[in-house]
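Going down the list, the protein sequences come from chains C and F.
When you line the first sequence up against the numbering used here, it's residues 1 to 246, in that order.
When you line the second sequence up against the numbering used here, it's residues 1001 to 1121, in that order.
Ideal Cβ positions, reconstructed from N, Cα and C, are used throughout, including at glycine.
Contents: one structure, followed by commentary.
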Amino acid sequence: MIVTVMQNTWILKISAMCVVLGMLLAVSLKTQQRVRTESGIPSTRYSDLASAYTSTKRESEKLRRQIEDLQNKATKYETELASGSSNASTLNRELQDSKFLAGLIAAQGPGIVVTLRDSPKKVGGTTSASERDLFIIHDSDLRNFVNELNVAGAEAISINDQRIIARSAIRCVGSVINVNNVELASPYEAKAIGDPKTLESALRMPGGIVDAFPDSRMVDIKQEQRIVVKPYTGSTRFNWAKPVEE
Amino acid sequence: MGWLPVVGMAAGFLIVYKIDIKVPSDLASYFSLATLAGLDSIFGGIRAGIEGKFHDDIFLSGFAVNTLLAVALAYLGDQIGVDLFMAAVVVLGWRVFLNLSLIRRYWLTKAALSKKKDRQR
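What follows is the structure in structure tokens.
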């Protein structure tokens, strides 16, 4: 080696700091390993991910709007085609009614608009996690509202303009709620067409669904004379089920 | 005695590697930068030691200040929208390579000189 340790103690001091360096190395290595297993890329590449995600999201928004346009056009063409003969127009009438029943056509009528939002209250640090959960809107809350509205006779329901149809799923993905596989963010605006008074009183039943919330600011119900509920724009493919031939 | 720093690094590494440490993912890149700053300080210290110009206070303060400063600058850069992280990586990396090449040169020169001395005896 270059010089004996007797003359120079700097090697000792360097070694001491090397211990610190070793610790830093270990932390960095472990964190990067974890980051890589969680997201598949090192943390220096996160900015690339972000721009890819936003552009994909914008793309999918555009496509969803296109679906709505094309569905409207399809309805128009079906009606025009059928305008010739009376048989065809009867069949077309049935077709449009079935589409309406399935939620593929926008619906309008009187009803209520329910706005659900997380409580603005700052819940203290001493409350348990399950208590704090009460102040947030969950997917289960949305499902209960949809069920209650259906019981009260709602004929068309949408949450943040996602139409609820027979196959619609409402589920929790991390901190956002997915309806029809579309990410929705708070506040959640549910529109329901039906008798406004019946719908609101069903929700406001004592001991009912609105009462279950600890903070009354989480729910807001408004009766309206004309609500437009947008059509379902998701997939209409059946991969498994086939109609039974009578 | 040249192996002592390596032993030290291995010791520090093993101590922390065994612990289940949880650093939030958004701080991950800052820790990497701190590691690079530490590496730069170590090599700077080794070079100073070889040149005979090692000073305790400069080395110790250099390690602490460089590490914290690099992370602070990177964080500031994130806030104002300038990629200072990359600037820190470039500068520290450059200094690491520079110090390494100087260390190598000193080591080889000393090795050659001591060989000459041995032959002269």
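Cross-chain neighbours of residue i in chain F, by beta carbon under 9 Å
{"i": "Leu116/C", "result": "Within 9 Å Cβ-Cβ: nothing; Leu116/C doesn't reach chain F, min ~30 Å."}
Separation of residue j from residue i, as counted between CA atoms
{"i": "Gly149/C", "j": "Ser89/C", "result": "According to the sequence provided, residue 149/C is Leu. The question's Gly does not apply to it. In a straight line, the C-alpha of Leu149/C is about 34 Å away from that of Ser89/C."}
{"i": "Asp1056/F", "j": "Gly1081/F", "result": "37 Å"}
{"i": "Gly1038/F", "j": "Tyr1106/F", "result": "22 Å"}
{"i": "Val5/C", "j": "Phe1054/F", "result": "Residue confidence is low: Val5/C scores 49 on pLDDT, short of 50, so the model does not pin down where it sits. Its coordinate-derived value is still stated next. When rounded, the distance between both Cα atoms is 14 Å."}
{"i": "Met1/C", "j": "Ser175/C", "result": "Low local confidence applies: a pLDDT of 49 at Met1/C is under 50, so the model's placement there is unreliable, with the coordinate-based value given in what follows. If you take the alpha carbons of Met1/C and Ser175/C, they lie about 59 Å apart."}
{"i": "Ala156/C", "j": "Ala52/C", "result": "35 Å"}
{"i": "Thr115/C", "j": "Pro1024/F", "result": "34 Å"}
{"i": "Tyr1008/F", "j": "Ala1088/F", "result": "Note that residue 1008/F is Gly in the sequence shown here, rather than Tyr. Distance between the alpha carbons of Gly1008/F and Ala1088/F: 26 Å."}
{"i": "Asp118/C", "j": "Glu131/C", "result": "14 Å"}
{"i": "Gly1002/F", "j": "Gly1045/F", "result": "13 Å"}
{"i": "Ser216/C", "j": "Val210/C", "result": "8 Å"}
{"i": "Arg1119/F", "j": "Ala1028/F", "result": "53 Å"}
{"i": "Leu95/C", "j": "Pro214/C", "result": "46 Å"}
{"i": "Gln162/C", "j": "Ser1032/F", "result": "44 Å"}
{"i": "Asn92/C", "j": "Gly84/C", "result": "11 Å"}
{"i": "Arg1104/F", "j": "Thr9/C", "result": "20 Å"}
{"i": "Asp247/C", "j": "Gln33/C", "result": "For residue 247/C there is no data in the structure shown, the boundaries of chain C being 1 and 246."}
{"i": "Thr75/C", "j": "Arg64/C", "result": "17 Å"}
{"i": "Ala82/C", "j": "Asn72/C", "result": "16 Å"}
{"i": "Val37/C", "j": "Ala212/C", "result": "According to the sequence as given, residue 37/C is Thr; it is not Val. Approximately 40 Å, taken between the alpha carbons."}
{"i": "Leu1100/F", "j": "Asp1083/F", "result": "26 Å"}
Cβ distance (whole Å) where residue i is taken to contact residue j below 8 Å
{"i": "Glu200/C", "j": "Ile112/C", "result": "5 Å"}
{"i": "Val1016/F", "j": "Met17/C", "result": "Their Cβ separation, rounded to whole angstroms, is 15 Å, which puts Val1016/F and Met17/C out of contact at 8 Å."}
{"i": "Gly109/C", "j": "Ile165/C", "result": "Not a contact, Cβ separation roughly 17 Å."}
{"i": "Lys197/C", "j": "Ile227/C", "result": "That pair is no contact at about 14 Å."}
{"i": "Phe1043/F", "j": "Ala26/C", "result": "Their Cβ separation, rounded to whole angstroms, is 19 Å, which puts Phe1043/F and Ala26/C out of contact at 8 Å."}
Contacts of residue i in chain F (Cβ-Cβ under 8 Å)
{"i": "Met23/C", "result": "Gly1012, Phe1013, Ile1015 and Val1016"}
{"i": "Gln33/C", "result": "Within chain F, no residue comes near Gln33/C; the closest Cβ sits about 10 Å away, beyond 8 Å."}
Proximal chain B residues relative to residue i, where beta-carbon distance stays under 7 Å
{"i": "Val27/C", "result": "The structure shown contains no chain B; its protein chains are C and F."}
Closest residue to residue i among the options (Cα-Cα distance)
{"i": "Glu78/C", "options": "Arg58/C, Val244/C, Lys99/C and Ala169/C", "result": "Lys99/C"}
{"i": "Glu249/C", "options": "Gly234/C, Phe238/C, Lys242/C and Glu245/C", "result": "Absent from the model: residue 249/C. The displayed extent of chain C is 1 to 246, so no value can be given."}
{"i": "Met205/C", "options": "Ala152/C, Trp240/C and Asp195/C", "result": "Ala152/C"}
{"i": "Ile193/C", "options": "Val182/C, Pro231/C, Val219/C and Asp215/C", "result": "Pro231/C"}
{"i": "Ser1041/F", "options": "Ile1058/F, Glu1051/F, Asp1078/F and Gly1052/F", "result": "Ile1058/F"}
{"i": "Pro120/C", "options": "Glu246/C, Thr236/C, Thr75/C and Met218/C", "result": "Met218/C"}
{"i": "Ile159/C", "options": "Asp139/C, Tyr188/C and Phe238/C", "result": "Tyr188/C"}
{"i": "Gly1062/F", "options": "Val229/C, Arg237/C, Asp220/C and Ile14/C", "result": "Ile14/C"}
{"i": "Asp1020/F", "options": "Lys30/C, Val20/C and Ala241/C", "result": "Lys30/C"}
heavy atom of the ligand GTP below 8 Å from residue i C-beta
{"i": "Asp139/C", "result": "For the structure depicted, the ligand GTP is absent and the ligand set is empty, with no information on it obtainable."}
Delimiting residues of the beta strand (DSSP E) encompassing residue i
{"i": "Leu220/C", "result": "According to the sequence as given, residue 220/C is Asp; it is not Leu. Element bounds for Asp220/C: Val219 to Val229."}
{"i": "Tyr232/C", "result": "Run containing Tyr232/C: none; DSSP gives neither H nor E here."}
{"i": "Asn178/C", "result": "Val176 to Val179"}
{"i": "Pro109/C", "result": "According to the sequence provided, residue 109/C is Gly. The question's Pro does not apply to it. That run of the beta strand (DSSP E) goes Ala107 to Leu116."}
{"i": "Ala129/C", "result": "Element bounds for Ala129/C: not the beta strand (DSSP E) but the alpha helix (DSSP H), Ala129 to Asp133."}
{"i": "Glu183/C", "result": "Val182 to Leu184"}
Limits of the unbroken alpha helix (DSSP H) element including residue i
{"i": "Glu189/C", "result": "Glu189/C -> not in any alpha helix (DSSP H); beta strand (DSSP E) instead, spanning Tyr188 to Ile193."}
{"i": "Thr9/C", "result": "No alpha helix (DSSP H) contains Thr9/C, which DSSP labels as neither H nor E."}
{"i": "Ala1005/F", "result": "A small correction: the amino acid at residue 1005/F is Pro; Ala does not occupy that position in the sequence shown. Pro1005/F -> alpha helix (DSSP H) spans Trp1003 to Lys1018."}
{"i": "Glu148/C", "result": "Asp139 to Val151"}
{"i": "Ile1050/F", "result": "Ala1028 to Glu1051"}
{"i": "Ser1114/F", "result": "Leu1084 to Gln1120"}
{"i": "Arg93/C", "result": "Ser86 to Ala102"}
Cross-chain neighbours of residue i in chain C, by beta carbon under 8 Å
{"i": "Asp1057/F", "result": "Neighbours of Asp1057/F on chain C: none; closest Cβ ~11 Å, over 8 Å."}
{"i": "Phe1063/F", "result": "Met17 and Val20"}
{"i": "Ile1042/F", "result": "Ile14, Met17, Cys18 and Leu21"}
Chain-ordered neighbours of residue i on chain F, where CB pairs are closer than 7 Å
{"i": "Ala50/C", "result": "Per Cβ cutoff of 7 Å: no residues; Ala50/C is ~12 Å from chain F at best."}
{"i": "Lys122/C", "result": "Chain F residues near Lys122/C: none, gap ~22 Å exceeds 7 Å."}
7 Å Cβ cut-off: residues of chain C touching residue i
{"i": "Gly1008/F", "result": "Ser15, Ala16, Cys18, Val19 and Gly22"}
{"i": "Phe1054/F", "result": "Trp10"}
{"i": "Ala1028/F", "result": "Thr31, Gln32, Val35 and Ser43"}
{"i": "Gly1038/F", "result": "Val20, Leu21 and Leu24"}
Where residue i meets chain C, residues with beta-carbon distance less than 9 Å
{"i": "Leu1004/F", "result": "Val5, Ile11, Leu12, Ile14, Ser15 and Cys18"}
{"i": "Ala1034/F", "result": "Leu24, Val27 and Ser28"}
{"i": "Ile1046/F", "result": "Trp10, Ile11 and Ile14"}
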